[in-house]
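Q: Following this message is one structure expressed as structure tokens.
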DNA sequence: TCCGGAGTTGAGTAT
DNA sequence: CATACTCAACTCCGG
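Residue numbers (UniProt numbering): 1 to 544.
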């Protein structure tokens, strides 16, 4: 390896981790570099409007998240420019991000490539392509884990090769997270020559072709590191609130002033470092006498995030039911009509529909609101596959995160982690206890805004004269309920009971052979690990 | 192998 | 109005 000289060219490739603070990849790239190339590759699949999609946005992301990403990139560029650098925006080659990075590595004679490690399956495949190319070209590669508090592979190793499957066992094994990089820079090495490359400016959503949505309600969350740090400081200023924070006690109907920090989108894109956030919360804790603890506390939420990252990293086929060892096999029903009603906020249950409309417009809703609609779609009312709901959330949430989204759908559908399927959220009474007047519903479903308080959660029970007076005829201006909650939830409980009984039969078939290692019969072959490092880790797991 | 306790976030009712 | 209890009940884990 050549010694670092003034001529050394380093590239920091941004994907998540769209920040300057606590960024080990950027920190490593700048050290000893004569030229620094901060790169982000625009992916048309992520950004290009898809007219065939169910709601405004691209094939991969709703327009709220597209906007959030663009704002984050603009802010990153501005912050880099303040340090004498800039963001080099490239276009993917034939819709392939990895190819664009490889080409730039070669054309700019890069000596060292740094990027934040990403444990999601699609990212692992993309990054392997780039890493293989770099290695073959003699380019040094540095890919630190800095998206999560801990290194998922290390936790799995410490746990004997298998991911801890309960929060408490995760906590017991994790310990304290590493300290963030707290050093602040006054300048970065100059950007090197980019030759013939066309460097793009950060486009606006309008420039990308989303012009027709300008009349829409714009989500109240701006992307970017600057906004992330401002928002975090604002939340942490209220020390009493931080010290008393208990996640399950939050109000899911609060939308003017949400009951949580709404820092999840910033953590998702890495505008905010989870380690820095953790560190700052600890500072607040040190200044108060008493404070809540995991799992309900603020730090507890960051640990939940790491929990799901770790389990997802160590569980083959984590994002599906089939071939997923930790997922209950449940015969979900197919019903496109009911699914579409749920997706589009037309179930006839105002509480459910308001949440789905907030999702489509804002790309964010409170955690308990997500619980409500996820339960309704799956084990509570419609008995539709959690993977269908997962896909909707995955596209529309501005904070959608592969590990956490899948983990929570597994949880809510009682497919894994949580099994008390008799506990069903009521689409009527759950929201009502927080917001008896239905202000949340009135905001997101304007057609119901004049429905009297006593009918707002069940407008189909309002006498026709009242419906007329409220200018909202049920069945015409707003749909009738697609199912009756009483009968539907009863049926769901029954079917869950049957699925559980059948899975007990599968896992304990009245002792076959003690040497038989297979715990559960799989109709779809074996669980070939989607990434080999996990497969190796799993092989070391002890047998009993 | 069996038993008891724990598990971030249910609903309904009583105090 | 916040808290506590009941209801009916799941799996997982550790002893």
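Glycine included, C-beta positions come from ideal geometry on N, C-alpha and C. Quick caveat: nothing in here was measured; it's all calculated off a predicted structure.
1) With DSSP collapsed to three states, give me the class of residue 321.
2) To the nearest angstrom, report how far apart residue 314 and residue 155 are at their CA atoms.
3) In the region 140-183, which residue ranges form an unbroken beta strand (DSSP E) of at least 3 residues, counting only runs that do not cross its ends?
4) To the nearest angstrom, report how far apart residue 195 and residue 111 are at their CA atoms.
5) DSSP on residue 474, reduced to helix/strand/coil?
6) Apart from the five residues on each side of it in sequence, which residues of its chain come closer than 8 Å, Cβ to Cβ, to residue 241?
7) Take residue 141 and list the residues in its own chain whose beta-carbon comes closer than 6 Å to its own, dropping the five residues that flank it on each side.
8) According to DSSP, is residue 303 part of a helix, a strand, or is it coil?
9) Here's a check: name, in chain order, each residue in its chain whose Cβ is nearer than 7 Å to the Cβ of residue 44, leaving out the five neighbours to either side.
10) Taking three-plus beta-carbon pairs below 8 Å as touching, is the region 376-386 in contact with the region 468-478?
11) Tell me whether residue 15 is buried or exposed, calling it buried when 16 or more other Cβ atoms sit within 10 Å of its Cβ.
12) Look up residue 468 in the DSSP assignment and say whether it is helix, strand or coil.
13) On a CA-only basis, which of 35, 435, 26, 28 is nearest residue 7? Give me that one, please.
14) Quick one: what does DSSP say residue 69 is sitting in, helix, strand or coil?
15) Is DSSP giving residue 57 helix, strand or coil here?
16) Would you decide whether residue 238 is buried or exposed? Buried here means 16 or more other CB atoms lie within 10 Å of its CB.
17) What residue range does the beta strand (DSSP E) around residue 376 cover?
18) Assign residue 225 to buried or exposed, taking buried as 16 or more other Cβ atoms, counted over all protein chains shown, within 10 Å of its Cβ.
19) Along the alpha helix (DSSP H) that carries residue 13, what are the first and last residues, could you check?
20) Could you say if the region 423-431 and the region 386-403 meet the contact criterion of at least three C-beta pairs nearer than 8 Å?
21) If you run the structure through DSSP and keep just helix, strand and coil, what is residue 346?
22) Which residues does DSSP pair with residue 112 in a beta bridge?
23) Using 8 Å as the Cβ pair cut-off and three pairs as the minimum, do the region 59-69 and the region 121-128 touch?
24) Under a three-way DSSP split, which group does residue 389 fall into?
25) Within 10 Å of its beta-carbon, does residue 282 have 16 or more other beta-carbons around it, so buried, or fewer, so exposed?
26) Which residues mark the beginning and the end of the alpha helix (DSSP H) in which residue 46 is found?
27) Output the distance between the C-alpha atoms of residue 25 and residue 138, rounded to the nearest integer angstrom.
28) Residues in its own chain within less than 6 Å of residue 252 by CB, not counting five upstream and five downstream?
29) If you check the beta carbons only, do residue 329 and residue 444 fall under 8 Å apart?
30) Thinking just about the alpha-carbon of each residue, which of 202, 284, 506, 327 is nearest to the one in residue 90?
31) Leaving aside the five residues before and after residue 126 along the sequence, list all residues of the same chain whose C-beta is less than 8 Å from its C-beta, in chain order.
32) Can you give the beta carbon distance from residue 38 to residue 87, rounded, assuming they're within the 8 Å contact cut?
33) Can you tell me whether DSSP reads residue 313 as helix, strand or coil?
34) According to DSSP, is residue 38 part of a helix, a strand, or is it coil?
35) Under three-state DSSP, which class holds residue 274?
36) Could you check where the alpha helix (DSSP H) with residue 231 kicks off and where it finishes?
A: Reading off the structure:
1) coil
2) 10 Å
3) 140-142
4) 17 Å
5) strand
6) 235
7) 113, 131, 134
8) helix
9) 92, 95
10) no
11) buried
12) helix
13) 35
14) helix
15) strand
16) exposed
17) Counting along the chain, residue 376 falls outside any beta strand (DSSP E), and DSSP gives it neither H nor E.
18) buried
19) Taken as a continuous stretch (DSSP letters only), residue 13 belongs to no alpha helix (DSSP H), being part of the beta strand (DSSP E) at 9-14.
20) no
21) coil
22) 10, 140
23) no
24) helix
25) exposed
26) 44-47
27) 19 Å
28) 366, 368, 369
29) no
30) 202
31) 97, 98
32) 5 Å
33) helix
34) strand
35) helix
36) 225-237
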